[in-house]
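From first to last, the protein sequence lines stand for chains A and B. The opening position of the first sequence corresponds to residue 322 in our numbering, with each subsequent residue numbered one higher. The opening position of the second sequence corresponds to residue 322 in our numbering, with each subsequent residue numbered one higher. For glycine and all other residues, C-beta sits at the position ideal for the given N, C-alpha and C. Computed from a prediction, not measured in an experiment: that's the story for all the values here. Okay, so here's the structure we're looking at.
Number of protein chains: 2
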Amino acid sequence: MAYHHGSLKEDLLAAAARVVAERGPSGLSLRELARDLGVTHTAPRHHFGDKQGVLTALAAQGHRLLAGRLSSAGSDFLEAGVAYVRFALDHPGHFAVMFRPDLVNDDSDELKQARSRTRSVLLAGAEAYASSGGAASGRLKNAPSGGTSTGAPPLADMPPFALLAWSAAHGMASLALSGALSALGLGSTPDEVTRVARAGLQRLTPP
Amino acid sequence: MAYHHGSLKEDLLAAAARVVAERGPSGLSLRELARDLGVTHTAPRHHFGDKQGVLTALAAQGHRLLAGRLSSAGSDFLEAGVAYVRFALDHPGHFAVMFRPDLVNDDSDELKQARSRTRSVLLAGAEAYASSGGAASGRLKNAPSGGTSTGAPPLADMPPFALLAWSAAHGMASLALSGALSALGLGSTPDEVTRVARAGLQRLTPP
DNA sequence: CACCAATCTTACCGGCGGTAAGATATCACA
DNA sequence: TGTGATATCTTACCGCCGGTAAGATTGGTG
Numbered sequence: 322m323a324y325h326h327g328s329l330k331e332d333l334l335a336a337a338a339r340v341v342a343e344r345g346p347s348g349l350s351l352r353e354l355a356r357d358l359g360v361t362h363t364a365p366r367h368h369f370g371d372k373q374g375v376l377t378a379l380a381a382q383g384h385r386l387l388a389g390r391l392s393s394a395g396s397d398f399l400e401a402g403v404a405y406v407r408f409a410l411d412h413p414g415h416f417a418v419m420f421r422p423d424l425v426n427d428d429s430d431e432l433k434q435a436r437s438r439t440r441s442v443l444l445a446g447a448e449a450y451a452s453s454g455g456a457a458s459g460r461l462k463n464a465p466s467g468g469t470s471t472g473a474p475p476l477a478d479m480p481p482f483a484l485l486a487w488s489a490a491h492g493m494a495s496l497a498l499s500g501a502l503s504a505l506g507l508g509s510t511p512d513e514v515t516r517v518a519r520a521g522l523q524r525l526t527p528p
Numbered sequence: 322m323a324y325h326h327g328s329l330k331e332d333l334l335a336a337a338a339r340v341v342a343e344r345g346p347s348g349l350s351l352r353e354l355a356r357d358l359g360v361t362h363t364a365p366r367h368h369f370g371d372k373q374g375v376l377t378a379l380a381a382q383g384h385r386l387l388a389g390r391l392s393s394a395g396s397d398f399l400e401a402g403v404a405y406v407r408f409a410l411d412h413p414g415h416f417a418v419m420f421r422p423d424l425v426n427d428d429s430d431e432l433k434q435a436r437s438r439t440r441s442v443l444l445a446g447a448e449a450y451a452s453s454g455g456a457a458s459g460r461l462k463n464a465p466s467g468g469t470s471t472g473a474p475p476l477a478d479m480p481p482f483a484l485l486a487w488s489a490a491h492g493m494a495s496l497a498l499s500g501a502l503s504a505l506g507l508g509s510t511p512d513e514v515t516r517v518a519r520a521g522l523q524r525l526t527p528p
């Protein structure tokens, strides 16, 4: 039995993602994770600091994964939206902490950077859409000049349609993961849900 | 100092809603709640059983409140969607647990009944819409006949547009509460967010 | 080979959720 | 009116969790 585990950090993240996917963020116990991996409960401290650190790292990893998926989907709103939903279904543990500022450390540089990447991809899609015919849609009133606190994004404010599309994808993902869709008979497997999500998102009509 | 508190159950729920709104469901401590209300930590047990019971009651109360709001909004999809978002902003503590089956007791009769009411209002709106001109939109393939487990709803399956509208409202509410919208300069006060949400939902075009 | 930094362990603390058993107030009913 | 049943709350206890401090083991670097 080696004193050094070897890949404790990655293994902890993977195990955390699995547990959060199964039992939710509140069902996660660092001690249980450590037990499963055969280390004492203080071993994770060195890599993540505390429990919030684990969830923060998980959220950041999720944002990197999502940004990659969205990039691969290209600039098609429909496919990007479907990819968004699919990501949530494929990585429910990550998704469950990515939009939960109460669970993570919002000051983490890793998280801020990863989140910024997702935001850039989303806004870049919005820009591409706006400059390719949808320009007549009008934009939202600008915020009081500049973003609020986290540093203004380099892109223009999100136009209403982009917000609508993002919200629709995010809402479908959330509702699917909560079981609200399967309770309505709208599909239980990821493939079914993805198909239903595509059918819904198709009703979005870019201006 | 009276031995009986008098309104411990309601006070506990209100305090729980406040704490969850401020610190999230994982930041809730029954002992802290009991301390704040001047009772010992086992007093809530009689009313709610355990922590899950408190969150279940909170979720049920939230569903009743939401169903009321949606009913008041009438059958207009736009106003219903805005009301949905507004409800989440007005009752963030309730909303945070209403779609979290990992936190509540899904077998609770009170919760099932309250959730069913919300679902009925949503589906009734969808029905009203479908029978008033949108009937040409086509429906989703029916589920393998009958709902899955919680008993099939008495109404037809949700058409794609209704799913889209619900998802959009739900997504806007979730994103707003997560701070994702304010980070983009899309508004920080409930009124601003509501205005942005209406602008987005207005881009939904019923068939 | 000797030192150093990274990694993991042992030992400890307070707080939380949960359970069992008992005390006290309220209410129904004689 | 008063008395017993019931609802409500308390005291005492348990194990688990997250977090901290201090020390041991390992791998790398001069």
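Contacts that residue i makes with chain B (C-beta to C-beta distance below 7 Å)
{"i": "A489/A", "result": "L485, S488, A489 and G492"}
{"i": "P422/A", "result": "S499 and G500"}
Proximal chain B residues relative to residue i, where beta-carbon distance stays under 8 Å
{"i": "T515/A", "result": "Ordered by position in chain B, no residue passes the 8 Å Cβ test against T515/A, which lies about 13 Å from the chain."}
{"i": "G370/A", "result": "By Cβ distance, chain B contributes nothing, its closest Cβ being about 17 Å from G370/A, past 8 Å."}
{"i": "S347/A", "result": "P346, S347, D423 and L424"}
Below-8 Å beta-carbon distance, residue i vs any chain A residue
{"i": "G455/B", "result": "A caution first: G455/B carries a pLDDT of 46, below 50, which makes its placement in the model too unreliable to give a value."}
{"i": "P474/B", "result": "Confidence at P474/B is low in this model, with a pLDDT of 47, below 50, so the placement of that residue should be treated as unreliable; the coordinate-derived value is given next. It does; some Cβ of chain A falls within 8 Å."}
{"i": "S392/B", "result": "no"}
When the options are compared against residue i, the one with the closest alpha-carbon
{"i": "E331/A", "options": "H368/A, R436/A and A501/A", "result": "H368/A"}
{"i": "A417/A", "options": "L432/A, G395/A and A380/A", "result": "A380/A"}
{"i": "G500/B", "options": "R440/A, A445/A and P480/A", "result": "R440/A"}
{"i": "E448/A", "options": "L505/A, Q434/A and M479/A", "result": "M479/A"}
{"i": "P511/A", "options": "H415/A, R407/A, R524/A and L505/A", "result": "R407/A"}
{"i": "A490/B", "options": "L505/B, N426/B and R516/B", "result": "R516/B"}
{"i": "N426/A", "options": "L496/A, L329/A, R524/A and G370/A", "result": "G370/A"}
{"i": "L505/B", "options": "A336/A, S350/A and L443/A", "result": "L443/A"}
{"i": "L522/A", "options": "Y405/A, L333/A and H325/A", "result": "Y405/A"}
{"i": "L329/A", "options": "A355/A, R339/A, A338/A and R344/A", "result": "A355/A"}
{"i": "A518/A", "options": "A486/B, H325/B, A401/B and L502/B", "result": "A486/B"}
{"i": "V514/B", "options": "A497/A, S488/A, T526/A and L387/A", "result": "S488/A"}
{"i": "V403/A", "options": "A520/A, E353/A and R339/A", "result": "A520/A"}
{"i": "R339/A", "options": "E353/A, H326/A and L387/A", "result": "E353/A"}
{"i": "D397/A", "options": "T363/A, G446/A and L387/A", "result": "G446/A"}
{"i": "A364/A", "options": "R344/A, S392/A, T377/A and G327/A", "result": "G327/A"}
{"i": "D411/A", "options": "H325/A, S392/A and L387/A", "result": "L387/A"}
Minimum Cβ-Cβ distance from residue i to chain B less than 8 Å
{"i": "S441/A", "result": "no"}
{"i": "L507/A", "result": "yes"}
{"i": "T471/A", "result": "Any reading at T471/A needs caution, since the residue's pLDDT is 43, under 50, leaving its predicted position unreliable; the model's value is listed next. Taking Cβ atoms only, chain B reaches closer than 8 Å to T471/A, which makes this a yes."}
{"i": "G468/A", "result": "Legend: pLDDT at G468/A = 32, less than 50; position of this residue unreliable, value from coordinates given subsequently. G468/A counts as touching chain B."}
{"i": "A464/A", "result": "At A464/A, the pLDDT of 31 sits below 50, so the modelled position is not reliable; the number obtained from the coordinates is stated separately. Yes, A464/A counts as interfacial toward chain B."}
Listed by chain order, chain A residues near residue i by CB distance under 9 Å
{"i": "S495/B", "result": "F420, S488, H491, G492 and S495"}
Whole-Å CB distance - residue i paired with residue j, under 8 Å assumed
{"i": "G414/A", "j": "A342/A", "result": "4 Å"}
{"i": "L424/B", "j": "P346/B", "result": "6 Å"}
{"i": "A435/B", "j": "R366/B", "result": "Not really, about 22 Å apart at Cβ, beyond 8 Å."}
{"i": "L399/A", "j": "L484/B", "result": "Not quite, the Cβ-Cβ distance comes to about 15 Å (not below 8 Å), so this is no contact."}
{"i": "L358/B", "j": "L333/B", "result": "7 Å"}
{"i": "A401/A", "j": "A409/A", "result": "About 13 Å; that fails the 8 Å criterion."}
{"i": "T377/B", "j": "S429/B", "result": "5 Å"}
{"i": "S495/B", "j": "F420/A", "result": "7 Å"}
{"i": "G492/A", "j": "G383/B", "result": "Actually they are not in contact, since the Cβ atoms of G492/A and G383/B sit about 17 Å apart, beyond 8 Å."}
{"i": "L351/B", "j": "V375/B", "result": "7 Å"}
{"i": "T526/A", "j": "T526/B", "result": "5 Å"}
Chain A residues whose Cβ lies nearer than 7 Å to that of residue i
{"i": "T526/B", "result": "T526"}
(request) Write down every uninterrupted run of the alpha helix (DSSP H) in the region 343 to 426 of chain A whose length is 4 residues or greater and which is fully enclosed by it, in chain order. (result) 351 to 358, 364 to 369, 372 to 394, 398 to 411 and 413 to 419
(request) Could you name each continuous beta strand (DSSP E) segment of 3 residues or more that falls completely within the region 425 to 450 of chain A, going from the start of the chain to the end? (result) none
(message) Just to confirm the assignment: which complete beta strand (DSSP E) runs, minimum length 3, are found wholly within the region 477 to 515 of chain B?
(response) none
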